[in-house]
Every structure is written in C-alpha cells, then in structure tokens.
Amino acid sequence: MTAVDVVVVGAGPAGSAAAHTLSASGADVLVLERAHFPRDKSCGDGITAHAVDILHEMGVTFDRFGSKAVKTYGGIIGGPSGGMFSANPPPAPDGSPIECWVVPRLLLDAEVAQAAVRAGARLKEGAAVTAVTRSNGAVNGVEYKDGTGVHRAAAKVVIGADGAHSAVAESLGVRHSSKRHLGFALRGYYEGVTGLRDDLEIYYFDEKLLPGYGWVFPTGPQTANVGIGLYSRELDRSTCKLREILDQFIASVPHVAQRMARARPVGRAIGWPLPVSSAHRRTVFNGAMLCGDAASLVDPLTGEGIFTALVSGRSAGRAALKALSADDASAGVLRDHEREWIKIAGGYLSSGRLLKNLAKSATLMNLIVRRASQSPYYASRAIGYGLGTIDRRRALRSIVMKAIFNPSFFRR
Numbered sequence: 108m109t110a111v112d113v114v115v116v117g118a119g120p121a122g123s124a125a126a127h128t129l130s131a132s133g134a135d136v137l138v139l140e141r142a143h144f145p146r147d148k149s150c151g152d153g154i155t156a157h158a159v160d161i162l163h164e165m166g167v168t169f170d171r172f173g174s175k176a177v178k179t180y181g182g183i184i185g186g187p188s189g190g191m192f193s194a195n196p197p198p199a200p201d202g203s204p205i206e207c208w209v210v211p212r213l214l215l216d217a218e219v220a221q222a223a224v225r226a227g228a229r230l231k232e233g234a235a236v237t238a239v240t241r242s243n244g245a246v247n248g249v250e251y252k253d254g255t256g257v258h259r260a261a262a263k264v265v266i267g268a269d270g271a272h273s274a275v276a277e278s279l280g281v282r283h284s285s286k287r288h289l290g291f292a293l294r295g296y297y298e299g300v301t302g303l304r305d306d307l308e309i310y311y312f313d314e315k316l317l318p319g320y321g322w323v324f325p326t327g328p329q330t331a332n333v334g335i336g337l338y339s340r341e342l343d344r345s346t347c348k349l350r351e352i353l354d355q356f357i358a359s360v361p362h363v364a365q366r367m368a369r370a371r372p373v374g375r376a377i378g379w380p381l382p383v384s385s386a387h388r389r390t391v392f393n394g395a396m397l398c399g400d401a402a403s404l405v406d407p408l409t410g411e412g413i414f415t416a417l418v419s420g421r422s423a424g425r426a427a428l429k430a431l432s433a434d435d436a437s438a439g440v441l442r443d444h445e446r447e448w449i450k451i452a453g454g455y456l457s458s459g460r461l462l463k464n465l466a467k468s469a470t471l472m473n474l475i476v477r478r479a480s481q482s483p484y485y486a487s488r489a490i491g492y493g494l495g496t497i498d499r500r501r502a503l504r505s506i507v508m509k510a511i512f513n514p515s516f517f518r519r
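Numbering-wise, my numbering comes out as the position in the sequence shown, counting from 1, plus 107.
Following this line, the structure appears as structure tokens:
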C-alpha cells in the first residue's frame, strides 16, 4: 500500500491546482487520474481572464500551445429576438486589455497536470478511484483500480477533484445534484467557419430554452468550438434532443448560419453534465475535501467551470498544507478551504445565480441586448459581467436602482 501526505483524485484544473499548491510547498502528493493523457474533456474551451491569472501563477503560459491557443479580447451577445451587440470588457486597472483564451481541453488539461508534476507531484494515469477508506470515521485514503488490480493509497488528506460523476463525492455520501441544479451541454468542433474574430460569441437564441444559450468560440482562423448549454428542466420540456438543439442553433441564428453554411464537423459532438453551484454541495469532511465539478461549482449563469476549479483546487491545497502542519485533518481545520473559495468566488457564483434567473426572461434579455447595442458603456459592462471581470453584484445593484429611480429604462 502506498502512503503519502495527500492523495488528489483527478488531474484536471481543480486537481492539478491542488497538487501544484501542495507540491510547491514540499508535500508528498499522489495524483490519481482515471484516463491517460492526452485525454479530451467536453467543454467550451473558453478560459476567462481570472482563470488565466491563476494558470500563469502555476507556470502555464499560452505560448506553450502555439497556434492551438487563440487569444480573445471581447464578446458578441445575441438576444432571442435576433438583436446583437459586440464589445470588449472594460480594461484592467493598469489600462491593459482583458485577455481570454480558447484552448482545447485535450491540450490544456495535459499541460496543467504537467505543471503539478514539475512542482513535484507524482501522477499515476489509468487509476480509477472507486471509494475513500476510513479509520474512526475519518477519511484516511482511497481504493483504486488500474491494469494490475485493486490497490490502496493511504493519505492524511484526500482531495476529490474527479468531476461531475465524482467517485469521491459519492463515497462521502454526497448526493447527485437535482435537476434544478443541473445543466447539460453539447459541443462540436467545426472547420470552414467564416467571419471569426477575437470574440467569444454567445447567443440566447430560443426563449423557450432560456437561460440556455449557444456559443461559437474560435479555435483557429476558420475553426471553432460550437455548442449549446441549457438547464435540465428546459431540456426535459423540449421535444428535441441536445444534438437537434445544436443543429437548430446553427441554422436559426442568421449571424451563425451564414458563416457556417460550408462548415464541416470535425469528429463527433460530445455532451457533459453541468453541476452548478446553486446546489450548495458540502465540500469539507474529516480528512477530505471536494473541489471543481466534484464540489458542484459550475457558474450558474454561463456554465463556465475552469475558474472555480482552479480557485477551489488551490484553496483545498492550502487547507491541506495547514492540516499537515497541525497534524490535524479534521473538518474544522480543513474548513479554511471553504472559507477561501467562498471569499474569492462565492459572490461571483451567487450573483451569477440571480442573473441566471433574470436571464429566463426573454423580454429582459432582448432589452439588455437592445440597450447595449445603443450604448458602448452598457455593452462593455455587459461583456465584463459575463466574463466575470467586473463584480456582477454591480449589475444587480444597477438593475435594482434603475427599477426604482429610472423605470423608463425598462420600457420598450
């Protein structure tokens, strides 16, 4: 049986951030990854600016990906009635433009995992964790399977970062998210897409599916990640399957349809679940923590999860370091994990949940798009709220203040 300080389950952004944080401080870390790299991960591939900052701290720079990484500066948003606007978010405090990136997860996750390895973590691929082990009620390791059989790894702390179908979460007794807190997405890669710019394109194209939307994210001069994401309840009410909704999105939005008239799919479209943060999943246990999708930390507004995965992975790593130093891995000590990720991302997620509920209104979405198309000020801030580069609580306060003091703003 292997014995280490910390076992991290999953080598995606959350697990790799945790392992990097721990290993850089000298902890003995074993990362168990079910798949073998390079492995794909269904995703829109968009990396927002606040996630970029954390990746840079880990030594992940985008020049490593060459032409496979596309830098974007702004966004395009379309409303249910067909209106649209484009803008860049307000610049950074130093005046520099906000940079986001699009990198296929096939490449990104492998590089992020190697950042953890470079920091000193041991990565074991092809190791599928089946359960945590316990002693006196506290987690003290994991069981996993590989090509040679069933094994155990003992650890002072276990960090579950093994995604939406987390075996660690299930073993800890955490229930799967209900339909109210679960979305689904489907993405495909396409070549021969014309008119791509350095923008992340989002279209709220069907009022019956709101707050669901479709996206077009550039992956090259004429290649793009194209997909749709919607909540489980809206999918259940629809008579169509995800693949049919993706086709409808491509065909029904004029600005998309005309540019994809000659586009060809590259490979098959792949779907995945989106466990959003409104589920308020427990993330701290005696001897264990959850982060990323395993902790149900997907943004309720956009479905983006890389930023919260990195934030929560890093906070889990820091809490584990404190537990190792104190020789106490009780939930009380590990609670620092929850305090930190809530301090950094809690307001972002909670305001995203409220904005998501507002986005269910086709009338309001069309109004926002129309007002933004008329005002560069509103347009820039709308993009900033979506990307998370501006505090979303400002958007909520602005809506409330206008409703009280300037109700004519909401009139057609």
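Glycine included, C-beta positions come from ideal geometry on N, C-alpha and C.
Query - Cross-strand partners of Pro379 (DSSP beta bridge) - result: Correcting the residue identity first, residue 379 is Trp in this sequence and not Pro. Answer is Ala292, bridged to Trp379.
Report task. Less than 8 Å between the CB atoms is what I'm expecting for Ala125 and Gly420, so what's the real figure, rounded? Result -> 4 Å
Query raised in the report: What residues are listed by DSSP as bridge partners for Trp208?
Result: Ile154 and Lys178
Report task. Return the chain-ordered list of same chain residues with a C-beta closer than 7 Å to the C-beta of Leu441, the five sequence neighbours on each side being excluded. Result -> Val391, Met396, Ala426 and Ala430
**Report entry** Length of the line joining the Cα atoms of Asn195 and Ile154
**Finding:** 15 Å
Query - Whole runs of the beta strand (DSSP E) within the region 319-350, excluding any shorter than 3 residues - result: 320-325 and 330-338
**Report entry** Straight-line gap, Lys286 to Thr496 (C-alpha atoms, nearest Å)
**Finding:** 29 Å
Query raised in the report: Contact check, Ala121 vs Ala438 under 8 Å by CB: the rounded distance?
Result: Contact doesn't hold; Cβ gap of about 19 Å is too wide.
Query raised in the report: Do you know offhand how far Thr168's Cα is from Phe144's?
Result: 19 Å
Requested in this report: Consult DSSP for Val300 and reduce its assignment to one of helix, strand or coil.
Outcome: coil
Query raised in the report: Going by Cα to Cα distance, which pick from Met191, Phe192, Val249 and Thr179 is closest to Ile205?
Result: Thr179
Report task. Tell me whether the beta-carbon of Glu308 lies closer than 8 Å to the beta-carbon of Ala234. Result -> no
Query raised in the report: How many angstroms separate the CA atom of Thr409 from the CA atom of Pro328?
Result: 25 Å
**Report entry** Which listed residue (Phe192, Val210, Pro187 and Gly151) has its alpha carbon closest to that of Ala172
**Finding:** Position check: residue 172 holds Phe in this sequence, whereas Ala was assumed. Of Phe192, Val210, Pro187 and Gly151, the residue nearest in Cα terms is Val210.
**Report entry** Helix, strand or coil at Asn195 according to DSSP, with G and I counted as helix
**Finding:** coil
Query raised in the report: Which two residues bound the contiguous alpha helix (DSSP H) that contains His258?
Result: Looking at the DSSP string, His258 is not in any alpha helix (DSSP H); the run it does join, the beta strand (DSSP E), is Gly256 to Gly267.
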